[in-house]
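Chemist: Structure incoming, see below.
There are 2 protein chains.
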Amino acid sequence: MDLKDIQQLLHEHKFRLTKEREAVLMAFVDARRMFTPAQLHDYVKERYERVGLTTVYRLLEALTKVGLATPFLIDGEIYYTFCPNQHHHHFVCLQCHQVKELFQCNAQQAMDVDQKIGTVAYHKLDFFGRCRSCEEEKH
Amino acid sequence: MDLKDIQQLLHEHKFRLTKEREAVLMAFVDARRMFTPAQLHDYVKERYERVGLTTVYRLLEALTKVGLATPFLIDGEIYYTFCPNQHHHHFVCLQCHQVKELFQCNAQQAMDVDQKIGTVAYHKLDFFGRCRSCEEEKH
DNA sequence: ACCTTATAGAAAATCATTTTCTACAACGGA
DNA sequence: TCCGTTGTAGAAAATGATTTTCTATAAGGT
Ligand SMILES: [Zn+2]
Ligand SMILES: [Zn+2]
Ligand SMILES: [Zn+2]
Ligand SMILES: [Zn+2]
Numbered sequence: 317m318d319l320k321d322i323q324q325l326l327h328e329h330k331f332r333l334t335k336e337r338e339a340v341l342m343a344f345v346d347a348r349r350m351f352t353p354a355q356l357h358d359y360v361k362e363r364y365e366r367v368g369l370t371t372v373y374r375l376l377e378a379l380t381k382v383g384l385a386t387p388f389l390i391d392g393e394i395y396y397t398f399c400p401n402q403h404h405h406h407f408v409c410l411q412c413h414q415v416k417e418l419f420q421c422n423a424q425q426a427m428d429v430d431q432k433i434g435t436v437a438y439h440k441l442d443f444f445g446r447c448r449s450c451e452e453e454k455h
Numbered sequence: 317m318d319l320k321d322i323q324q325l326l327h328e329h330k331f332r333l334t335k336e337r338e339a340v341l342m343a344f345v346d347a348r349r350m351f352t353p354a355q356l357h358d359y360v361k362e363r364y365e366r367v368g369l370t371t372v373y374r375l376l377e378a379l380t381k382v383g384l385a386t387p388f389l390i391d392g393e394i395y396y397t398f399c400p401n402q403h404h405h406h407f408v409c410l411q412c413h414q415v416k417e418l419f420q421c422n423a424q425q426a427m428d429v430d431q432k433i434g435t436v437a438y439h440k441l442d443f444f445g446r447c448r449s450c451e452e453e454k455h
């Protein structure tokens, strides 16, 4: 996933990759970390060039829409991270908002991550979709 | 996990379970779905008694702090669900904010959920903790 | 009962995010 | 390359969710 691919993907959604957006994008991709919009704005301002905060918001929105950014909710703050590999315990029904608890959990994988990457304090495994009753309801 | 347990858990954190909070809590627990604060406020107002929106915010904050509520970020909105069972592909370092992609995924479990609960459009499996370099850095 | 501490609720304040608006830049076609 | 069309940059204003402030009140411990 290089700059050309990103540009094309954005282009398919009628987003243009301007020099300002490219500056933000480069910072965002290279950093390999998550930012709040304001944090990313500061980060770009320091290392690349001065761009408007609105531009940062719009790029993050665009990237999220095309599946290249993922937002994380941590301690009430929304952080974004560049995330070229789309995919991603609860079952949350996106239609009726119902939540069911699912008690299965692959703890082994958590241990794998723990050994390979760092120390895992906790992990999240959530499923989003449509519950059975919503499915039956409509079609 | 009944009302007494919840009350005790709140109590351990010096939160009091007043009649207003109890009304919100009952609605929240019984609904088995997720709400934005405003949605929960409306919901309680209809079915139980009139309480202040501030009270709803404070209860959600308290429940989240003691681990009884989980926030979901969906389409830019923050939804809360009552979640008595604590636990819950990215590895996110909570200290330096670094994000590493982890390509392992237990797709089998997604299929299990798909069969038992509803249709899974996508799921999220995220790991949060401290990355190796942050660990080495401090202690 | 009395004292200490937390809460309810309304109202005001805050501040992240969105919208608006104008000049300008990117794209596609001629 | 030139031009018309469409999306964008950025500042400024608006929005609106969330937080803070403040006073009376209620909960909990002694
Ligand atoms: Zn799990
Ligand atoms: Zn449903
Ligand atoms: Zn780290
Ligand atoms: Zn997965």
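Respectively, the protein sequence lines represent chains A and B.
So the mapping is simple: this note's numbering equals the position in the first sequence, first residue as 1, plus 316.
So the mapping is simple: this note's numbering equals the position in the second sequence, first residue as 1, plus 316.
Even glycine gets a Cβ: it sits at the ideal position worked out from N, Cα and C.
#1: If you draw a straight line from the C-alpha of Glu-362(B) to the C-alpha of Cys-447(A), how long is it?
#2: Tell me, which residues are paired with Leu-369(A) by DSSP?
#3: What do you reckon, are the CB atoms on Phe-331(A) and Ala-378(A) nearer than 7 Å?
#4: I want to verify the contact list: residues of chain B whose CB lies under 8 Å from the CB of Phe-388(A), in sequence order.
#5: May I ask you to report which of helix, strand or coil DSSP gives Ile-433(A)?
#6: Count the other CB atoms, across all protein chains shown, that sit within 10 Å of the CB of His-357(A); report buried if there are 16 or more and exposed otherwise.
#7: Can you give me the start and stop residues for the beta strand (DSSP E) that Phe-388(B) sits inside?
#8: Take the Cβ of Gly-392(B) as the centre, count every other Cβ of all protein chains shown within 10 Å, and call the residue buried at 16 or more, exposed below.
#9: In whole angstroms, what is the alpha-carbon distance linking Ala-339(B) and Phe-444(A)?
#10: Please state whether DSSP places Arg-363(B) in a helix, a strand or coil.
#11: With 16 as the cutoff for other CB atoms within 10 Å, does Thr-334(B) come out buried or exposed?
#12: Starting from the Cα of Val-436(A), find the closest Cα among Gly-434(B), Cys-450(B), Thr-370(B) and Met-342(B) and give me that residue.
#13: If you count every other CB in all the chains shown that lies within 10 Å of the CB of Met-350(B), and 16 or more means buried, which is it?
#14: Anyone know if the C-beta pair for Leu-376(A) and Tyr-395(A) falls short of 7 Å?
#15: Could you check where the alpha helix (DSSP H) with Phe-344(B) kicks off and where it finishes?
#16: CB-CB under 8 Å to Ala-343(B), same chain, minus the five flanking residues each way: which ones, in chain order?
#17: Say yes only if the C-beta of Glu-451(A) is nearer than 6 Å to one or more non-hydrogen atoms of ligand 6, and no if none qualify.
#18: Does Cys-354(A) pass the burial test, meaning 16 or more other C-beta atoms within 10 Å, or should it be called exposed?
#19: Just verifying my parser: in three-state terms, what is the DSSP assignment at Lys-330(B)?
#20: Just how far apart, CA to CA, sit Lys-381(B) and His-327(A)?
#21: Can you grab the Cα-Cα spacing for the pair Arg-337(B) / Val-372(B), in whole Å?
#22: Starting from the C-beta of Leu-389(A), find all residues in its chain whose C-beta is less than 7 Å away, skip the five residues before and the five after it, and write them out in chain order.
Modeler: Quick answer:
#1: Taking the first residue of the second sequence as position 1, residue 362(B) is located at position 46. Taking the first residue of the first sequence as position 1, residue 447(A) is located at position 131. Take the alpha-carbon of Glu-362(B) and the one of Cys-447(A): they are about 25 Å apart.
#2: For the purposes of this step, residue 369(A) is taken as the residue at position 53 of the first sequence. Paired residues: none, contrary to the question.
#3: Start at 1 with the first residue of the first sequence, and residue 331(A) comes out as number 15. Start at 1 with the first residue of the first sequence, and residue 378(A) comes out as number 62. Taking 7 Å as the cut-off, the beta carbon of Phe-331(A) is found closer than this to the beta carbon of Ala-378(A).
#4: Start at 1 with the first residue of the first sequence, and residue 388(A) comes out as number 72. Within chain B, the residues near Phe-388(A) are Leu-389, His-406, Val-408 and Asp-442.
#5: Taking the first sequence and counting its residues from 1, one reaches residue 433(A) at position 117. Reduced to three states, the DSSP call for Ile-433(A) is coil.
#6: Translated into positions along the first sequence, residue 357(A) becomes position 41. Counting Cβ neighbours within 10 Å, His-357(A) comes out buried, since at least 16 surround it.
#7: Reading the second sequence from its first residue, position 72 is the one you call residue 388(B). Start and end: 385-390.
#8: As a working mapping, residue 392(B) is identified with position 76 in the second sequence. Exposed: under 16 other Cβ atoms inside 10 Å.
#9: Taking the first residue of the second sequence as 1, we reach residue 339(B) at position 23. Taking the first residue of the first sequence as 1, we reach residue 444(A) at position 128. Ala-339(B) and Phe-444(A) have their C-alpha atoms some 29 Å from each other.
#10: Position 47 of the second sequence, counted from the start, is the residue given in the question as residue 363(B). Looking at Arg-363(B) - three-state DSSP - the assignment turns out to be helix.
#11: The residue given as residue 334(B) occupies position 18 in the second sequence. That one is exposed.
#12: Position 120 of the first sequence, counted from the start, is the residue given in the question as residue 436(A). It is Cys-450(B) whose Cα lies nearest to the Cα of Val-436(A).
#13: Indexing the second sequence from 1 puts residue 350(B) at position 34. The residue in question, Met-350(B), is buried, as its Cβ has 16 or more Cβ neighbours within 10 Å.
#14: For the purposes of this step, residue 376(A) is taken as the residue at position 60 of the first sequence. For the purposes of this step, residue 395(A) is taken as the residue at position 79 of the first sequence. Contact: no.
#15: Indexing the second sequence from 1 puts residue 344(B) at position 28. First-last of the alpha helix (DSSP H) with Phe-344(B): 335-347.
#16: What you label residue 343(B) is simply residue 27 of the second sequence in a count that begins at 1. So the qualifying residues of the chain are Leu-356, Tyr-359, Val-360, Arg-363 and Tyr-364.
#17: As presented, the structure is devoid of ligand 6, carrying ligand 1, ligand 2, ligand 3 and ligand 4 as its sole ligands.
#18: Taking the first sequence and counting its residues from 1, one reaches residue 354(A) at position 38. According to the sequence as given, residue 354(A) is Ala; it is not Cys. Label assigned to Ala-354(A): exposed.
#19: Residue 330(B) sits at position 14 when you count from the first residue of the second sequence. Three-state result, Lys-330(B): coil.
#20: For the purposes of this step, residue 381(B) is taken as the residue at position 65 of the second sequence. For the purposes of this step, residue 327(A) is taken as the residue at position 11 of the first sequence. So the two alpha carbons sit approximately 43 Å from each other.
#21: Counting from 1 along the second sequence, the entry for residue 337(B) is found at position 21. Counting from 1 along the second sequence, the entry for residue 372(B) is found at position 56. Arg-337(B) and Val-372(B): Cα-Cα distance of roughly 8 Å.
#22: Position 73 of the first sequence holds residue 389(A). For Leu-389(A), where only same-chain residues beyond five positions count, there are no Cβ hits under 7 Å.
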